[in-house]
Amino acid sequence: MSDKLTFRIRLITVPIFLFAIIIVIKLYLVQVVNGETYSARADRQYARPYTSLFDRGSIFFTAKDGSLIAAAGLKNGYMVSINPTKITDREAVYSGLSKYISGIDYTDFMAKSSKAKDPFEEVADRVESDVAKSIEKLDIPGVDIYKERWRYYPGGNTGSHMVGFLSYKGDKLGAYYGLESYYDEVLSRTTENTYANFFTELLHGIKDNVLNKKSLEGDIVLSVEPTVQGYLEDVIESTNTRWSSSQTGGIVMDPNTGEIYAMALTPSFDPNNTREVEDLETFSNNMVESVYEMGSIIKPLTVAAGLDAGVITPGSTYNDKGFATFDKATIYNFDRKAYGTIDMQTALSKSLNVGMAHIVERIGRDRFTDYMKSFGITEKTGIDLPYEGSPLTDNLDTGRMIEPVTASFGQGIALTPISTLSALSALANGGYRVHPHLAKSINYKIGVTKQTELGDKVQIIKPETSEEITRMLVNVVDEALLGGEIKHDHYAIAAKTGTAQIPSPQGGYYDDRYLHSFFGYFPAYKPRFIVFLYTVYPKGVDYASHTLTSPFNNMTDFLISYYNIPPDR
Numbered sequence: 007m008s009d010k011l012t013f014r015i016r017l018i019t020v021p022i023f024l025f026a027i028i029i030v031i032k033l034y035l036v037q038v039v040n041g042e043t044y045s046a047r048a049d050r051q052y053a054r055p056y057t058s059l060f061d062r063g064s065i066f067f068t069a070k071d072g073s074l075i076a077a078a079g080l081k082n083g084y085m086v087s088i089n090p091t092k093i094t095d096r097e098a099v100y101s102g103l104s105k106y107i108s109g110i111d112y113t114d115f116m117a118k119s120s121k122a123k124d125p126f127e128e129v130a131d132r133v134e135s136d137v138a139k140s141i142e143k144l145d146i147p148g149v150d151i152y153k154e155r156w157r158y159y160p161g162g163n164t165g166s167h168m169v170g171f172l173s174y175k176g177d178k179l180g181a182y183y184g185l186e187s188y189y190d191e192v193l194s195r196t197t198e199n200t201y202a203n204f205f206t207e208l209l210h211g212i213k214d215n216v217l218n219k220k221s222l223e224g225d226i227v228l229s230v231e232p233t234v235q236g237y238l239e240d241v242i243e244s245t246n247t248r249w250s251s252s253q254t255g256g257i258v259m260d261p262n263t264g265e266i267y268a269m270a271l272t273p274s275f276d277p278n279n280t281r282e283v284e285d286l287e288t289f290s291n292n293m294v295e296s297v298y299e300m301g302s303i304i305k306p307l308t309v310a311a312g313l314d315a316g317v318i319t320p321g322s323t324y325n326d327k328g329f330a331t332f333d334k335a336t337i338y339n340f341d342r343k344a345y346g347t348i349d350m351q352t353a354l355s356k357s358l359n360v361g362m363a364h365i366v367e368r369i370g371r372d373r374f375t376d377y378m379k380s381f382g383i384t385e386k387t388g389i390d391l392p393y394e395g396s397p398l399t400d401n402l403d404t405g406r407m408i409e410p411v412t413a414s415f416g417q418g419i420a421l422t423p424i425s426t427l428s429a430l431s432a433l434a435n436g437g438y439r440v441h442p443h444l445a446k447s448i449n450y451k452i453g454v455t456k457q458t459e460l461g462d463k464v465q466i467i468k469p470e471t472s473e474e475i476t477r478m479l480v481n482v483v484d485e486a487l488l489g490g491e492i493k494h495d496h497y498a499i500a501a502k503t504g505t506a507q508i509p510s511p512q513g514g515y516y517d518d519r520y521l522h523s524f525f526g527y528f529p530a531y532k533p534r535f536i537v538f539l540y541t542v543y544p545k546g547v548d549y550a551s552h553t554l555t556s557p558f559n560n561m562t563d564f565l566i567s568y569y570n571i572p573p574d575r
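Residue numbers (our numbering): 7 to 575.
Laid out in structure tokens, this is it:
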């Protein structure tokens, strides 16, 4: 074959090949990427003029077996409107519609239908298909039916503080809460490119989405497991009711990866019916947005710092006088008792403030502050939820001794629950900081999936320190917590309670108001889960060991059973 003939064949073949690729890409865009949009537009019978059907990406929970369960999606229905210019008998029209649609206000309908020069007035929305078909059969002049689509949350209250919802600000619909807000760019849909010239659309897609690395449209897949989420919600709801608390919350997370299996807060709300919520504060996710003085669950961080610095061991002793004075300020044990010469395991098990102060003295003020900062308590976690609160930890940098001492037992510094859980995870996972997150992946509309980046693995404390503090926390459960009542014969559980006075707006602290907290992880030496619970201002009870031990134990037993975790002792 001559070189000229080969050249001519290539000259013909290459454009045909390129054209075929373009056609395949275009078919993919039309049938897969934009198939639903074109399908909706093809049905003109119920298309409302000058508008397009609402569209938005979905949010999914991930079930234990890997299947996806919708947390936020779309629901289809119909909107019924009237054209007053075509209505001659308003009473008859109202009578016909009200037989099928309950809730049409007579006065409002008469006011709308009397607008003789107005061609469009909406009288009902989110109408089910069978109702819309029945109204259509009436063939009432001046009554129109249009297809409608809206945001729908199949689980109702399930995960509402995480998922968030869409809300109107004036006449504009926007995402202002939860994952809906955080991933709004991914979930939002635009229709401009549907009518674009094919080649322009293709080129713009490459330029905008690849060259400029702009966010692509897609769906969000969460690590949240719906059954675990439901169980946690039941646990915190019953706890809140049992103790008449102001609020109660909880988080279940993998301490090794930061993947969140459940996050729940009560009082809660149904994102499908947000108008029923009277107090706007109900929408706030206080586990991410609000800060609290956490109390004694900070003590394991202090003990871990002492172990890691080599200034204490579980068996090393100190003289506990029941109080200690720094910068002319005196701190006391919770019971104001002196315990004499005791070891550090006892100080942790009995949750003694003077023992924590001893550790700070041994480490040194500045080095202790560095340890606390390395746990990440002075920073936001970067969790994929909006409005994350900033920790209040300036007391660590006063240059005095008393503030780091009070911080060592969880007073004088205020943290978000998610920041607290992130810091405590380092005790469980071998000494690393983790980055809490809800999204496992983003499934882009063009068919590409992006997995969540876990961030760099930063070592905070030595692996041996993590193992040592875990042994100490297991001892707390086995022997000290409610006198060892919740010790598991076949599972090693590491845990600690916290009870902190609530600051008063007038200064100082309330004498009768406390925040109770509880964290634990298991199986202790190869943990699958870390659980954090807290309740604000429980009534008629003083200590977290009485309010939260049972809920934690119930959550632990459920997770062990649900995931069939083998015994570790």
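For each residue, glycine too, the CB sits at the ideal point set by N, CA and C.
Classify residue 406 as helix, strand or coil using the three-state DSSP reduction.
As a first step, residue 406 is located in the sequence shown; it is residue number 400 there, counting from the start. If DSSP states are grouped into helix, strand and coil, residue 406 belongs with coil.
Measuring CA to CA, which of 310, 436, 83 is closest to residue 376?
Translated into the one-based positions of the sequence shown, residue 376 becomes position 370. Ranking the options by Cα distance to residue 376, first place goes to 310.
Burial state of residue 335 (16 or more Cβ within 10 Å)
For this step, residue 335 is matched to residue 329 along the sequence shown. By the 16-neighbour rule on beta-carbons within 10 angstroms, residue 335 is exposed.
Taking contact to mean at least 3 C-beta pairs separated by less than 8 angstroms, is the region 122–139 in contact with the region 67–77?
Per the Cβ contact rule, the region 122–139 is not in contact with the region 67–77 (fewer than 3 Cβ pairs under 8 angstroms).
For residue 509: DSSP bridge partner residues:
For this step, residue 509 is matched to residue 503 along the sequence shown. Answer is 515, bridged to residue 509.
Would you call the region 246–266 and the region 529–549 touching, i.e. three or more CB-CB distances under 8 angstroms?
Note that the region 246–266 touches the region 529–549; at least 3 beta-carbon pairs, one per stretch, sit closer than 8 angstroms.
Enclosing alpha helix (DSSP H) for residue 236 [first to last residue]
Residue numbering aside, residue 236 sits at position 230 when the sequence shown is read from its first letter. It spans 232–249 - the alpha helix (DSSP H) in which residue 236 sits, taken as one unbroken run.
Tell me whether the beta-carbon of residue 182 lies closer than 7 angstroms to the beta-carbon of residue 231.
The sequence position of residue 182 within the sequence shown is 176, counting from 1. The sequence position of residue 231 within the sequence shown is 225, counting from 1. No, the pair does not count as a contact, with Cβ atoms beyond the cut-off.
Distance, residue 503 Cα to residue 522 Cα
As a position in the sequence shown, residue 522 is number 516, starting the count at 1. As a position in the sequence shown, residue 503 is number 497, starting the count at 1. The straight-line gap from Cα to Cα measures roughly 8 angstroms.
In the DSSP output, which residue or residues are listed as bridge partners for residue 378?
The residue you call residue 378 lines up with position 372 of the sequence shown. Answer by DSSP bridge pairing: none, since residue 378 is not bridged.
Using only alpha-carbon positions, find the residue among 379, 118, 269 that is nearest to residue 583.
One cannot answer for residue 583 here, as it falls past the ends of the chain, which runs 7 to 575.
Can you give me the start and stop residues for the alpha helix (DSSP H) that residue 351 sits inside?
Within the sequence shown, numbered from 1, the residue matching residue 351 stands at position 345. Its alpha helix (DSSP H) spans residues 350–355.
Residues in the same chain with beta-carbon distance under 7 angstroms from residue 329, minus the five sequence neighbours each way, listed in chain order, please.
Numbered from its first residue, the sequence shown carries residue 329 at position 323. If we look at residue 329 and ignore the five residues flanking it on each side, its Cβ neighbours are 336, 337, 338, 360.
Could you tell me whether the Cβ atoms of residue 293 and residue 389 are closer together than 7 angstroms?
Walking along the sequence shown from the start, residue 293 turns up at place 287. Walking along the sequence shown from the start, residue 389 turns up at place 383. Contact flag unset, no.
Considering only the beta carbon of each residue, do residue 434 and residue 382 sit closer than 7 angstroms?
The residue given as residue 434 occupies position 428 in the sequence shown. The residue given as residue 382 occupies position 376 in the sequence shown. Cβ distance not < 7 angstroms, so residue 434 and residue 382 don't count as in contact.
Within the continuous alpha helix (DSSP H) that includes residue 128, where are the two ends?
Locating residue 128 in the sequence shown gives position 122, counting from the first residue. Per DSSP, residue 128 belongs to no alpha helix (DSSP H); it is in the beta strand (DSSP E), 127–133.
Assess, as a yes-or-no matter, whether the region 474–483 is touched by the region 455–466 under the definition of 3 or more beta carbon pairs within less than 8 angstroms.
Under the Cβ criterion (8 angstroms, minimum of three pairs), the region 455–466 does not count as touching the region 474–483.
Just how far apart, CA to CA, sit residue 362 and residue 305?
Taking the first residue of the sequence shown as position 1, residue 362 is located at position 356. Taking the first residue of the sequence shown as position 1, residue 305 is located at position 299. Near 7 angstroms, if we compare the C-alpha coordinates of residue 305 and residue 362.
Evaluate residue 271 with the Cβ neighbour count: other Cβ atoms within 10 Å of its Cβ, from every protein chain shown; 16 or more gives buried, anything less gives exposed.
The residue you call residue 271 lines up with position 265 of the sequence shown. Result: buried.
Nearest candidate by alpha-carbon position, reference residue 526, set 378, 80, 97, 557:
For this step, residue 526 is matched to residue 520 along the sequence shown. 557 is the residue among 378, 80, 97, 557 whose C-alpha sits nearest the C-alpha of residue 526.
Cut-off 7 angstroms between Cβ atoms - residues of its own chain near residue 545, not counting five sequence neighbours on either side:
The residue given as residue 545 occupies position 539 in the sequence shown. Excluding its 5 nearest sequence neighbours in each direction, residue 545 has C-beta neighbours in its own chain below 7 angstroms: 249, 250, listed in chain order.
Length of the line joining the Cα atoms of residue 202 and residue 235
Position 196 of the sequence shown, counted from the first residue, corresponds to residue 202. Position 229 of the sequence shown, counted from the first residue, corresponds to residue 235. For residue 202, the pLDDT reaches just 38, beneath the cut-off of 50, and the residue's location in the model is therefore unreliable, although a value from the coordinates is still provided. Going by the C-alpha atoms only, they are around 43 angstroms apart.
Considering residue 292, what are the terminal residues of the alpha helix (DSSP H) in which it resides?
Looking up residue 292 in the sequence shown gives position 286. 292–295 is the extent of the alpha helix (DSSP H) around residue 292.
Just the Cα atoms here: how many angstroms apart are residue 439 and residue 462?
If you number the sequence shown from 1, residue 439 lands on position 433. If you number the sequence shown from 1, residue 462 lands on position 456. Annotation: residue 439 to residue 462 spans about 9 angstroms, alpha carbon to alpha carbon.
Using three-state DSSP, classify residue 523 as helix, strand or coil.
Taking the sequence shown and counting its residues from 1, the one referred to as residue 523 is at position 517. Look at residue 523 here: in three-state DSSP terms it is strand.
Look up residue 491 in the DSSP assignment and give the residues it is bridged to.
As a position in the sequence shown, residue 491 is number 485, starting the count at 1. Per DSSP, residue 491 has no beta bridge partner at all.
Taking only three categories from DSSP, how would you classify residue 567?
Taking the first residue of the sequence shown as position 1, residue 567 is located at position 561. For residue 567, the three-state secondary structure derived from DSSP is helix.
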